[in-house]
Every structure is written in C-alpha cells, then in structure tokens.
Amino acid sequence: MAATLADAGERGGGQRGRRKSPRPIWLRVAIMALVILYALLFGEMFLRLMKPQALIPRYVTGGPEGVRANMPGVEFRQWTPEVDVMLRYNMAGMRDDRPPPPLEKAPSECRIALLGDSYFVGFESSFENSFANRVEEELARRGTPCRVLNFAVSGFGHAEMLATLESRVRPWAPDLMLVSVHSTDGFDNLRANLFQPGPQGLEPTGRSFLPGVAISDRLNAFWIYRWAQENSHLYSAVREWAGGMGKRLLAIARVRAAGNEAEDAPPEAEETANGASAETPRYVASQALNQALVLQIAREAEVMGSRMMLFEIPMGPNRRFYSGPARHLLGDAVLGQVPYASPLDTFLTMRSPDVQLYMEKGHRHWTPLGNKVAARVAAQAITAQQLLPQVDTPSRYAPSQ
Amino acid sequence: MLFQTIPFFVFFALVFSAYWALQKQLVWQNRLLLLASYVFYGWWDVRFLVLIVGGTAFAYILTPAVAGRALPRRQLLEGLALTLAGALVSFLPDVANGWRYLAATLAAMGVSTAIVLGLDRVTDPERRARLALTIGTIALLLLIGIFKYFNFFADSFVRVTSLFGGDVTWTTANIVLPVGISFFTFQIIGYLVDVRRGDFPPSASILTFASFIAYFPQLVAGPIERASHLYGQFLKPRRITAEGLRSGALLFLWGMYKKVVIADNLAPITNDIFGRASTATTGELLVGIIAFAFQIYGDFSGYTDMARGIARMMGFELMLNFKLPYFSRTPSEFWTRWHISLSSWLRDYLYISLGGNRGSTLMTYRNLFLTMLLGGLWHGASWTFVLWGAFHGFILVAYRLADVDRRVMPTVNGWMKTNPVAGLAANGVLVAIMFALTLLGWLFFRAPDMATVGHYLTGMFSGFDLRAEDWGKLAFYTVPLILVQCWQRWTDKLEFLAESSPFVRLNMVLFLVFSLIFFAPNESSDFIYFAF
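Those sequence lines, one after another, are chains A and B. Just remember that the numbering used here sits 447 ahead of the position in the first sequence, which is counted from 1. Just remember that the numbering used here sits 66 ahead of the position in the second sequence, which is counted from 1.
Written out as structure tokens, the structure reads:
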C-alpha cells in the first residue's frame, strides 16, 4: 500500500522545505520533448507488436477540376498483416505499372475507362491482381482485347466522377465507361457538395471538394511524412481516426447546411441500419441525388460516344454475409435504364468459411480472388451485353427530373 | 454514469473543480460531495434516490436509540426533512405516476417517527438499544428483501405450489433492482452494529452521516466501508496533494485498464460459451470459465481501483478490496483477498453474531457454512448464487476439517525459508488447486440457470478435446495481467505503478494508455457488481 496521503503531503512539504533549485526552463522543455518523442516511439512499437495497423497511403492531390486526383508518377507501398504490395500511378495519374497509351486512339483500339474508388484503384492488391488488370485479362481471354484505363481515385463518389469526366476521361476517348456503385457513394456524393438537384436538372454548385488535400500536399513535401505514411503504424492509426472523424463531421455539417438539423447520421448509416425499409425523407433526397448523378454520367458518356456500365461493389463484413448497395443507392428505375452488373450473386454462391473474397486485416478491399471473380463477372457482362465495340444507338436515358 | 465514460469524466471534472475551490471550507465541501453523490446515484434512475435518502434518514434518527440514548428532536426533524426532500426530487418529475410512491414515503415517515418516539419511551437504555438495532436491521433487510429478493422468492413459491396443482401467480410482481442497494444497506447496517457495540459514536450530523453513506466513488459497488474507517475522513480537512493526485490517477488508470481492456474484451467470449454450453467442446468450456474468472476479477477489482483512485484524488482513502486473490492457497486465504470489504463485513457482523468459533466445532462449521451461504445469496436472488455460496462454505469447512491452515501452511511456509524450490513447488500446487476450485465456484456464479451448470459439468468432464478458437484471445488479454500480478506478488507492491521507478512507470502508463485506445471495445458494458 502506498504511503498515506498525509504522509505524502508531508513528504511533499519536506521537499519544498529543502528549496530544491528549480530546473531551468530549457531543461524542462527538453525533458518534455524527450518524453513525447519516447511516447511516440513506444506507441509505434506497441502497435507493431500488439495491433499492427494497415498502412494504406493514398497519394492524392488536388486536380484542376477542384477535386482529388492521383499524384502522377508516384510509387508507394501498401502494407497490412495480409499483404505487402507496391502501387504505381503512371504519369497520367492512372494506377498502372505501364506508361499511359498515346492520347490519340488508333482506329482499331479498344479502351475502357474505369471510374471508381479504392476498389477499382486496386488498393491492397498488386497490379497483376488488381480488378483493372483482371478485367483486361478476362476480356482478352474472351477474344475482345481492350486496354483498361484506370481513372479511379480513392474516396471518389459519383459527384467527383462526373466533375472529372470532361477533363480527365474524354481526351482518351474510351469505348466503355465502367462506373462503380459502392455503399460509400451516397455519403461521398452528399459531403462532396459538387452538384445539387435543381429545377433544370443537376446543377453544379461551383464549389471544390478537396478534403485534407491542402494539408497532405504540404506534409508530402517532407520526407518524414512520406516515410510515416508507408511505414508508421501509429501515424496510420491516427490518420484513419482523424479521417473518419473528419468525414463524419463534414457530412453532419452538410446535412445541417441543407436544413436537416435533426438527422445527423449519414444516409448509408440509415440504410445499413434499416435495410430496404429505409425511406426517411433525407434518405429519399440522397437517393435522388445519386440517381441524378449516375444518369448525368450516362448522358455525358453518350455525348462522348461511349457506352457505360454500372458495376456494383458488394459489401462483405464477413465470409458468411454479402450485400449490395446499388438498389438502395439508385433504385430499380435507374438500374433498369443503365447497363448494370454485380458480382453479388457469384459472391453469395461462393459463400464459405474457407473462401476469402475480402481482406480481413486491412481496409476490406478485395483479395486477389475477390478481384478475379469480380473481374470475371464484369467481363462476362460486357461481352454478354455487347458493350464492346461501341455501336451508335439513340439516347436511352430520360432527362433527370 | 460509468466511471470509464465521457459523462463521468465531465461530472468528475466539474465536481473536482468545485471541490478544489472549496478546500478551506470543510462543511461546504461535504455539502458538495453529498449533492454530487445524489446526482451520481439519481443519474441511473431518479426514482430510487428516495431509497438511499430514506434509508440514510431512518438510520440517522434511529442511531441515538441504538446507542441507548434519547432522540434529540432536531435530529428527528433533520431526518424527516431529508426524506421529504428526497421523495420530492424522486417523484415530482413524474407526479402522475409518482404520487402513490410519494404517499407511501409519507406513510413510511409517519411509521418511522412513531417507532423512534416509541423507542424513546423505553426507559431501559440496554433494551432500547437492542430493540432499535433489531428494528433497524430488519427494516433495512426488508428494503433489500423487497427490491432484490421478492421476485426470486415469489417465483420459487409459484413453482413449488404449481407442483401441487396450485396457482399463486398473483403473488409475483415485476420489481426493478435499484443499483447498489446491497452495498449501501450493508454499510448502514454495519454502522448501526458498530454504534450498538460501542465501536463508533452515534452521528449527530446528518450532513456528515449522509455523505458517508452516499459517497459516490464507492456508492454503487463498494468497497462496503466501515464508519471507523471512512466517517472520520469527512470530519477533518482533506488535503489535495500532487502525490495524491498522481497515485490516485495511476490507480484509476490501472482499474480502467482492467475493466475496459480485460473484462470488456473477455465478456463476449464468456457470453458466447455460456450461451452454448451444451454443444461446446471441453476446450471451449475451459476457455469460457477461465475467461469469466478474469472477466469478473478485471471488472470488479477494476471498479474498486477506479473508486479508490477517484477518492484518493479528493483526499480520501477507501479500504482495500482485492489483494491478488488468485494467488490464494486456501479458501480462508481467498476470502481475505477477494471482496475483502464484504467478507470482513460477513465475518464481523454475521459470522460473529451467529456465534463464530466460540461454540463447538460443529457449530463453527455450521456458522461458516451459513455465512457463506448467505454471502452467496447477497450476490443475487438466484439458486446459482446460493449454490456458489454453499460451495464456498463447503470447501471452507473441508479445508478446516483437513486442518490445512494450521498444519500444512506452516510447513510450506517453513520450506520457503529452508528449501525455496520445494516451497515454491508446494505453493504452486496449493495455488493451482485453489484456483481450480475457484473456477468451479465461478461456474455456479456465472451460469444463468442450473441446467447450464449441468451442461457445463457434463461437457467439462466428458471429453479431452481441448481445442478452442479463443485460447489465443484469452492468453492475449490475461497474460499481461498475470505477469503484472506475479510482479506485484513478488515485490509485495500492490500499487506497483505509484511505487515503481519513473522509467518503469512511464512505460507502464504508456502501455495502459495505448491499450485503452486501441483495445477498448466499441461498447463498454456495465459493471457486473452493479447488478448485486
């Protein structure tokens, strides 16, 4: 048992009585700095030994459209307890180990533009195992070779995809645009605040959406920050926490600004919690935005002379349960208008404790098997729906209301 | 308001700031503590505030009679005023439903007044004291009886009568258990007995007495304090010192680690395995029961450490409640290390009152067994708790019959000096046997019903398949605790954080803080002992 308080107090008094000369301020500051440094080192070692974090740097920066873009020409490492892979963004900002093709498309050349988030980028996967590369392989195997140009950016929703279509995708003249539908899209579209449904259809707000980019751009100038992104478990933990918190706060702010003060949860939280029966006014409003964005992308694709297919990214919280967000986010009406494919049914048939389709110790991206299966489904749908090569058809997309 | 949650941190920051500002005004400090304690208690369910306030006031006006003295009218009025205030706060927010409880409280006040005035008419001080103590004890036990045991006995009665074709379901009622009722009523009973025995003078200050009963760090799950230990601390100025803040904060941190990291992470394992005891393998059943042993230890001792840490920061010292219990070698040693405040309470106020070891050997065994049986029942209104108490009573008697404490222990202790290897080995065997018995006891304690006990025992002893998914998880959460406890035992430093070198302390604090950040489950659960 420790000394009693009274004793302790007397001891404290005694120490004061001896009038120990106080430490100089510089020494106190130095000791404090050392303690902080030691605590950081301790935290790093603690996490490495007890709870290794997924090291998932993004390397995104601001694009000229006022939304995020991959940093051209960077090569970086992603590490989790399950994988250790190198990622390369080519000089056009596409996740690809090869240089970008010439901008001018040869007459017989086929191109697919991939628009999506980190699943399409191929996070936690080597390039060989990435969705983009697997789609290319599958199409070649089916006799329709086509170069996949990966325009996906981590964190992208449909609003950002739409904002970058003209400047980033159109110059490459893709024959087909493969657009992902992910559960985070509803949230991302809302917080991006790039477009709003208006009386004349979807209207740009004229704002930019660069969450945390200014800070990360500044920090990326320092080698220690770049090193920490790829190597520090403590940094990764803090970054994920701060990123998650920032996203949440931003969504709440956007919702409040839109006059929904009473409802703080992001739309997909309602959706997940309530399943198909989620029909709150805000949920309906969010779905309307998602629908308008997707239809607008489809119209833009048509203007570019390209076809478009939506591709659902199912959610897989464990090996026994998979679900798809597309119907909740877009509704049957949109899914009936735009070519659409989903690996959900295939995932469900493969459901087994021995089959791992999602990473389980990182950020739950697809495993090499998950990428392969999803790519096979995508390639099958592309060929079955004859989306390649491009054919001229009248507009099939109704204007947004 | 759980200690490890944000609302408590805000509450404590506010209370502590005001408490610090009132350092030189003892009376105001005590008033603040009383108010804070009632707010803390009312946070759960303001309706039950009347129970602690009424129990306190009743004991306060009864105390002079328990001491054989006449009741000063001022004391009577103070008690009645406190009860009335408590009843108004409890029931006025929902007067539509609360008016009948308010009326019942007024009636109880009338009865109490009649009793104490009646006791005043008893001229023989000895008889008055005996009568007052009996009435006080019965009234307080009745309070626990109604709120804690009524459902249990009514349900058992219905079940027994149904065996003979009777239907007495009308005797049942759905009574909610107020948090901490077993703790504060036992604290009040202990105080009355102390006054009766002349071990403690009767209180003449309702503020001090109510503060002593309701002191918030130990109000809902102990330690069950004695007046001789805690009451006096309300009478003299308390010093908030850097040392007290430091060691209190360290104790709180260690307690929070035990609760949040160990107990809350082991709880899902325990719940899962006890929930499917009939189909689990031997290995899983073993994991389940060992996980529960560490869960309940982390939960309860964690609560106690947090309570003691909070109190120490405010200049109070609460009694020790746990002393490395799983290192016990015999049942009697276990009960000097586990929930010390309850076991010593049972010893002083129940075992001794039953005759202790003053009668024949057989009577001593009977008293031991009965004390443990009632101790088991104190934990909850369920036959599994009764079985747990009976089991501990049985092993206490068995060890006593074998005379282990008087014949084996001195020999083993002697070996520690003459032949340390043999001494350590013998101690290890004794500790292992006692731990195995403790695990068996925890099975009765944790099982939701007797059927689960049956499934568990059958499964444990019917196979040798020791494989289980959760062995790794169990080891992950328990090994650091076991290592620290070995160190505590080896160095005989219970407060190892405060007493270790600055460098070791820094590393331990960092380990605890990072563990709390990265291993806290998403949802923290209530303390197990809040249900008792």
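Virtual Cβ for every residue (Gly too), placed ideally from N, Cα, C.
Flag residue i as yes if its beta-carbon sits less than 8 Å from any beta-carbon of chain A, otherwise no.
i: L576 of chain B; result: yes
i: F74 of chain B; result: no
i: P587 of chain B; result: no
i: N573 of chain B; result: yes
i: A151 of chain B; result: no
i: Y85 of chain B; result: no
Kindly indicate which residue of the options has the alpha-carbon position closest to the one of residue i.
i: T591 of chain A; options: A:S555, A:R695, A:D564 and A:G563; result: A:S555
i: N433 of chain B; options: B:D414, B:W449, B:H445 and B:T450; result: B:D414
i: Q738 of chain A; options: A:P644, A:T814 and A:S753; result: A:P644
i: S271 of chain B; options: B:A125, B:I181 and B:S410; result: B:A125
i: L117 of chain B; options: B:L243, B:E291 and B:L496; result: B:L243
i: V132 of chain B; options: B:V76, B:R194 and B:P289; result: B:R194
i: I127 of chain B; options: B:V261, B:M67, B:L115 and B:A170; result: B:V261
i: A357 of chain B; options: B:F213, B:V112 and B:L540; result: B:L540
i: L208 of chain B; options: B:I247, B:F400, B:M482 and B:L332; result: B:I247
i: A308 of chain B; options: B:R140, B:R378 and B:V463; result: B:R378
i: H458 of chain B; options: B:G264, B:V93, B:G442 and B:P267; result: B:G442
i: A170 of chain B; options: B:L154, B:Q70, B:E383 and B:F527; result: B:L154
i: G288 of chain B; options: B:S419, B:E383 and B:T189; result: B:E383
i: N493 of chain B; options: B:F223, B:V470 and B:R166; result: B:V470
i: N573 of chain B; options: A:W813, A:F493 and A:I478; result: A:F493
i: L506 of chain B; options: B:A280, B:L490, B:W537 and B:F460; result: B:F460
i: N597 of chain A; options: A:A587, A:R754 and A:W619; result: A:W619
Taking 8 Å as the CB-CB cut-off, is residue i touching chain D?
i: N331 of chain B; result: Absent here is chain D; the protein component of the structure consists of chains A and B.
Does any residue of chain B have a CB that is nearer than 8 Å to the CB of residue i?
i: A845 of chain A; result: For A845 of chain A, the predicted structure reports a pLDDT of 45, less than 50, and the residue's modelled location is therefore unreliable. A value from the coordinates is still provided. So no, A845 of chain A is outside the interface.
i: E529 of chain A; result: no
i: Q832 of chain A; result: no
i: F656 of chain A; result: no
i: A486 of chain A; result: yes
i: L494 of chain A; result: yes
Confirm the yes/no value for this check: CB of residue i, any heavy atom of the ligand ADP, distance under 7 Å.
i: I362 of chain B; result: No copy of the ligand ADP appears in this structure; indeed no ligand is present at all.
DSSP puts residue i in a beta bridge; with which residues?
i: F642 of chain A; result: A:P651
i: R535 of chain A; result: A:E522
i: G509 of chain A; result: A:R515
i: E759 of chain A; result: A:V628
i: F768 of chain A; result: A:N765
i: M805 of chain A; result: According to the sequence displayed, residue 805 of chain A carries Tyr and not Met. Note: Y805 of chain A sits in a beta bridge opposite A:W813.
i: N597 of chain A; result: A:L561
i: L502 of chain A; result: A:W526
i: Y787 of chain A; result: A:L757
i: F656 of chain A; result: A:V514
i: R97 of chain B; result: Partner(s): none; R97 of chain B has no beta bridge.
i: L623 of chain A; result: A:I559 and A:R754
Taking C-beta pairs closer than 8 Å, name the residues in chain B that residue i reaches, listed in chain order.
i: G490 of chain A; result: L576 and F580
i: K498 of chain A; result: F584 and F585
i: L777 of chain A; result: The premise fails here: L777 of chain A is roughly 30 Å from chain B at the closest Cβ pair, so nothing lies under 8 Å.
Name, please, each residue of chain A whose Cβ falls closer than 9 Å to the Cβ of residue i.
i: N387 of chain B; result: Correct list: empty, because the minimum Cβ distance to chain A is about 12 Å.
Every unbroken beta strand (DSSP E) inside the region 368–394 of chain B [3 residues or more]: If we require 3 residues or more, the region 368–394 of chain B turns out to have no beta strand (DSSP E) run fully inside it.
Every unbroken alpha helix (DSSP H) inside the region 416–454 of chain B [4 residues or more]: The qualifying runs are 427–445.
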